[in-house]
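Read the structure below first, then the notes.
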């Protein structure tokens, strides 16, 4: 109740008429803890020890709201940004998260702006770590998290079936009047939920035209997801393939990465949970030279809920990287959401660059998180 009053007061300062008609909610997360990251692959300088923020969940603050337009139609919006936490200044520069507006009704929801991809939403749903922190499946799987200028449609629920569809001409935000130097991306993601079962699929395709990868013309992603909650344990997993198309021909072929994750959340008590997962990505021999990068990650975690909003946690993860990955990364496998491929997403590398540029191969963290 208190957070709604605060948010409504802020909205009232911006627009008195909107205060009377809209329901606005303030929300966010604050996360602090101790982190130890293992051997640095560049020079083996030893461990990194630090008090960090945004470990198990990125620090953020946001406003979300609805306005009843009558006849079952509502206006909806979200404004969200990242918080620095342990650094100078409250807000992270250039750390816009979700920012969109739309209409919702019996037909579903149509929204426009910077939004999460279905791939990210479904992976977060089946990953025990919620695709956050040292144990995140996103440290291994090449995925796209958010897209700019996205027009998205979320269907109603028809007996458990629903789907998400999206399109953007400027998915990377490097827009100009010719729409070059950017990416045209579309996605379709159906899902089915029945009692404790969730099954989903994702396909998205991108035509790329940007200077960071002049020899890459397109990418396609195919993913399947499933989870089931047995009560004492929830199991989940995903498997997919990412294909990066090359404009150049000859020795260099299309890059294909097969990637998957299996995980489980064991409910020890009403307040205590043990999290465990294994994620793996393997590249094809894309240049006929025996280069086949491989990356795997084991992760385990523990969470104790002091309340529904305040959690104590511990996480440990260790990666298995072959020589090809440490030398080349995933050669030419471009993501629109960069860094993945390292033990902690906050310290990760871009998968299209050699892993030796910045890479920690194991990590331990303990901290506390509050959601409001």
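In my numbering, the protein residues as written are 1221 to 1592.
Cβ atoms here follow ideal geometry from the backbone N, Cα and C, with glycine treated the same way.
On a predicted model such as this, the values are computed, not experimentally measured, just so you know.
Thinking just about the alpha-carbon of each residue, which of the options is nearest to the one in residue i?
i: residue 1540; options: 1291, 1352, 1518; result: 1518
i: residue 1410; options: 1404, 1296, 1424, 1416; result: 1424
i: residue 1288; options: 1365, 1361, 1322, 1390; result: 1322
i: residue 1483; options: 1496, 1380, 1492; result: 1496
i: residue 1520; options: 1535, 1420, 1281; result: 1535
i: residue 1258; options: 1481, 1282, 1537, 1586; result: 1537
i: residue 1320; options: 1327, 1304, 1328, 1300; result: 1300
i: residue 1294; options: 1277, 1303, 1318, 1325; result: 1325
i: residue 1417; options: 1388, 1503, 1274, 1448; result: 1448
i: residue 1439; options: 1361, 1378, 1474; result: 1474
i: residue 1593; options: 1454, 1346, 1420; result: Nothing in the structure corresponds to residue 1593, since the chain is present only between 1221 and 1592.
i: residue 1302; options: 1348, 1275, 1328; result: 1275
i: residue 1412; options: 1383, 1327, 1437, 1428; result: 1383
i: residue 1550; options: 1505, 1531, 1525, 1524; result: 1505
i: residue 1584; options: 1426, 1513, 1355, 1490; result: 1355
i: residue 1281; options: 1318, 1342, 1296; result: 1318
Going by DSSP, which residues form a beta bridge with residue i?
i: residue 1604; result: Here the chain covers residues 1221 to 1592 and nothing more, so residue 1604 does not appear.
i: residue 1243; result: 1286
i: residue 1281; result: 1248, 1301
i: residue 1583; result: 1257, 1537
i: residue 1371; result: 1332, 1387
i: residue 1531; result: 1525, 1589
i: residue 1381; result: 1378, 1412
i: residue 1593; result: Past the edges of the chain, shown from 1221 to 1592, lies residue 1593, and the structure says nothing about it.
i: residue 1360; result: Partner(s): none; residue 1360 has no beta bridge.
According to the neighbour-count rule (16 or more other Cβ atoms, all chains shown, within 10 Å of its Cβ), is residue i buried or exposed?
i: residue 1488; result: exposed
i: residue 1338; result: buried
i: residue 1500; result: buried
i: residue 1376; result: exposed
i: residue 1279; result: buried
i: residue 1271; result: exposed
i: residue 1527; result: exposed
i: residue 1364; result: buried
i: residue 1292; result: exposed
i: residue 1567; result: Reliability of the predicted coordinates at residue 1567 is poor, the pLDDT of 33 falling under 50, and no value is obtained from them.
i: residue 1450; result: exposed
i: residue 1529; result: exposed
i: residue 1290; result: exposed
i: residue 1503; result: buried
i: residue 1490; result: exposed
Measure the C-alpha to C-alpha separation of residue i and residue j and round it to an integer number of angstroms.
i: residue 1560; j: residue 1366; result: Reliability fails at residue 1560, whose pLDDT of 35 lies under 50, so the model's placement of it is uncertain and no value is given.
i: residue 1285; j: residue 1246; result: 9 Å
i: residue 1406; j: residue 1357; result: 23 Å
i: residue 1479; j: residue 1461; result: 6 Å
i: residue 1252; j: residue 1587; result: 6 Å
i: residue 1404; j: residue 1464; result: 14 Å
i: residue 1368; j: residue 1389; result: 9 Å
i: residue 1441; j: residue 1408; result: 11 Å
i: residue 1481; j: residue 1457; result: 5 Å
i: residue 1334; j: residue 1443; result: 22 Å
i: residue 1243; j: residue 1543; result: 54 Å
i: residue 1455; j: residue 1485; result: 7 Å
i: residue 1255; j: residue 1268; result: 8 Å
i: residue 1351; j: residue 1332; result: 24 Å
i: residue 1494; j: residue 1523; result: 7 Å
Is residue i a contact residue of the ligand ADP, with contact defined as CB to any heavy atom under 7 Å?
i: residue 1295; result: Looking for the ligand ADP in the displayed structure turns up nothing, as the structure carries no ligands at all.
What beta strand (DSSP E) runs, 3 residues minimum, are completely inside the region 1445-1521?
If we require 3 residues or more, the beta strand (DSSP E) runs fully inside the region 1445-1521 come out as 1453-1466, 1475-1487, 1492-1503.
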